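Structure first, commentary second.
Residue numbers (my numbering): 95 to 487.
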C-alpha cells in the first residue's frame with residue numbers, strides 16, 4: 095500500500111486484479127481497502143476485514159471523514175493517478191448513438207433538462223434522414239429570447255462518436271413485437287445487442303475514450319459486462335486491461351424500476367414507506383429487488399411491490415404500446431444528468447466483475463456506492479440477484 099496526500103484528500107494505491115476491481119473509487123470504509131470488491135460492499139453489516147495493518151495516518155483520515163480515493167496500481171502508478179485533473183464542473187458534450195423510440199426520447203430529455211450541465215449533444219444514426227429530422231426539430235426547440243439556453247444539437251458520424259465526455263448507447267435490434275409471448279423482453283434482446291455493444295466498445299478502445307460509456311439498451315447489466323470485456327481484449331482475444339476502466343461503464347435501467355415502485359407506492363398506502371425509506375437494487379428485469387424500507391424492512395410487502403414494478407412494462411404492452419417513455423426518461427435522461435452533476439441516482443456499476451444496479455454517485459474522489467446496514471433477509475435477496483447476473487456472463 096502506498097499513498098499521496100492531495101488538496102482534496104488522500105490517494106491510496108493498491109495493486110488489485112484488473113478483471114475484478116475498479117481503477118478508482120471513493121473508499122468510505124477502511125474495509126474497502128482490504129477486501130475484494132463484491133456484493134458485500136453495499137452492506138456495512140457484511141463488510142468484514144482485518145484493518146489492524148492500516149497505517150495510522152490513513153486510520154486518522156477515515157476517522158476525520160477525509161476523502162480517501164483508492165486507485166488500482168495495476169492500471170497505472172499512483173503518481174499517474176494523482177496527476178489526473180478533475181473535470182466534473184465543466185459542461186459536457188454528450189453523444190447519442192441510435193435515434194429509435196428510446197434514443198429520441200432520451201435526446202428530448204437531455205435537451206430539455208440538461209441546460210446546466212450539457213454544452214452540446216451530438217446524434218448519430220444509420221438513417222441519415224432520422225438525424226436530419228431530429229437536428230431540425232430539436233434545434234427549433236427553444237425558450238423565447240434565450241436561444242442559447244438549451245444544448246445545441248449536431249449530427250456526427252461514427253468516426254467522431256467518441257469525441258465527447260458522455261457516450262450514450264441506445265442501439266438495439268430484435269425487440270419482441272407487441273402481442274408476443276416473451277415474458278422477459280430484456281433478456282430476449284441480449285443475443286442481438288451484445289454484438290453491437292461489443293463493436294462500439296472496441297471503437298472506444300481504439301479512440302482511447304476517457305469519458306462515460308452509458309449503456310441504455312437492454313439488458314443493461316450484462317451488456318455493460320460485454321462492453322467491459324470487449325474493450326479490454328487485444329487482437330489475440332486476450333484480456334489486457336488497456337480499454338475502458340470498469341467504472342467508465344454504467345448501465346441505465348434501474349431508475350425506471352425505482353420510479354415504478356414509487357408510482358404504486360403513491361397509489362397504495364401499504365407501500366408509502368417506500369417513498370421516504372425505500373431502495374431499489376439489482377438488474378432492470380426479473381431479478382429486481384425493491385425494498386419497502388431500509389429501516390423497517392417488510393419482506394412480504396417488498397416482494398409484492400417488486401412484482402408490481404417488474405410487471406409494469408407488460409401492462410403497457412397489453413395496452414398495445416411499447417413501454418419505452420418512462421425508461422428513457424427515468425432510467426436514462428434523468429439518471430445520466432444526475433451522474434454528470436455528481437448527484438445520487440440509480441445505475442449499474444462494476445462490483446467484483448459484475449455490473450449491478452444500486453444507489454450511487456460520482457464524486458471528485460471517485461465512484462461512491464451507497465453502503466447501508468442491510469437486514470439479512472434483504473441482503474440475501476440482493477445477493478441472489480448478484481449471483482444470477484454473475485452467471486449470465
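Quick reminder that beta carbons are idealized off the backbone N, C-alpha and C, glycines included.
These numbers were taken from a predicted model, which means no experiment stands behind them.
- Around the C-beta of residue 344, 16 or more other C-beta atoms lie within 10 Å, and the residue is accordingly described as buried.
- Look at residue 424 here: in three-state DSSP terms it is helix.
- Only exposed fits residue 413, as fewer than 16 other CB atoms lie within 10 angstroms of its CB.
- When secondary structure is reduced to three states using DSSP, residue 430 falls in the helix class.
- Looking at the DSSP output, residue 450 sits in a beta bridge with 443.
- Sequence-distant Cβ neighbours of residue 418 in its own chain, meaning closer than 6 Å and more than five residues away, are 195, 196.
- Counting along the chain, the unbroken alpha helix (DSSP H) around residue 472 starts and ends at 470-486.
- Remark: C-beta atoms of residue 103 and residue 465 do not approach each other more closely than 8 Å.
- A residue is called buried when at least 16 other Cβ atoms come within 10 angstroms of its Cβ; residue 361 does not meet this threshold and is exposed.
- Taking residue 290 as the centre and dropping the five residues before and after it, the same chain places the C-beta of 265 closer than 6 Å to its C-beta, in chain order.
- Cβ atoms of residue 186 and residue 218 stay farther apart than 8 Å, at about 17 Å.
- Rounded to whole angstroms, residue 355 and residue 151 show a C-alpha spacing of 44 Å.
- Non-local beta-carbon contacts of residue 259 in its own chain, meaning distances under 6 Å to residues more than five positions away in sequence, involve 186, 187, 305 in chain order.
- Rounded to whole angstroms, the gap between the alpha carbons of residue 350 and residue 337 is 30 Å.
- In the DSSP assignment, residue 306 falls within the unbroken beta strand (DSSP E) covering 306-309.
- Taken in chain order, the unbroken stretches of alpha helix (DSSP H) that lie wholly in the region 292-351 and span 4 residues or more are 314-325.
- Judged by their CB atoms, residue 315 and residue 378 are nearer to each other than the 8 Å cut-off.
- In this structure the region 419-436 does not lie against the region 322-339, because fewer than three pairs of beta carbons, one per stretch, are closer than 8 Å.
- Counting other Cβ atoms within 10 Å of its Cβ, residue 216 reaches 16 or more and is therefore classed as buried.
- Counting along the chain, residue 235 sits inside no alpha helix (DSSP H), nor does DSSP assign it H or E at all.
- Around the beta carbon of residue 251, fewer than 16 other beta carbons sit within 10 angstroms, so the residue counts as exposed.
- Assignment of beta-bridge partners to residue 189 by DSSP yields 216, 261.
- When only Cα atoms are considered, residue 247 and residue 193 end up about 13 Å apart.
- Assignment of residue 152 by DSSP, reduced to helix, strand and coil, places it in the helix class.
- Shown here for residue 146: not one same chain residue has a beta carbon closer than 8 Å to its own, the five before and five after excluded.
- Annotated as distal: residue 165 and residue 227, with beta-carbon spacing of 8 Å or more.
- Collapsing the DSSP output to three states places residue 285 in a helix.
- When rounded, the separation of the alpha-carbon atoms in residue 402 and residue 386 is 12 Å.
- Rounded to whole angstroms, the Cβ separation of residue 348 and residue 297 is 26 Å, and the two are not in contact under 8 Å.
- In this structure, the straight-line span from the alpha carbon of residue 143 to that of residue 125 is close to 5 Å.
- For residue 385, no alpha helix (DSSP H) run applies; the uninterrupted beta strand (DSSP E) run containing it begins and ends at 383-385, by DSSP.
- Here DSSP, grouped into helix, strand and coil, assigns residue 166 to strand.
- Taking C-beta separations shorter than 6 Å and ignoring five residues to either side along the sequence, the partners of residue 225 in its chain run 217, 219, 249, following chain order.
- In the structure shown, residue 115 adopts coil according to DSSP, grouped into three states.
- Per DSSP, the beta-bridge partners of residue 373 are 385.
- Residue 395: member of the alpha helix (DSSP H) spanning 393-412, first to last residue.
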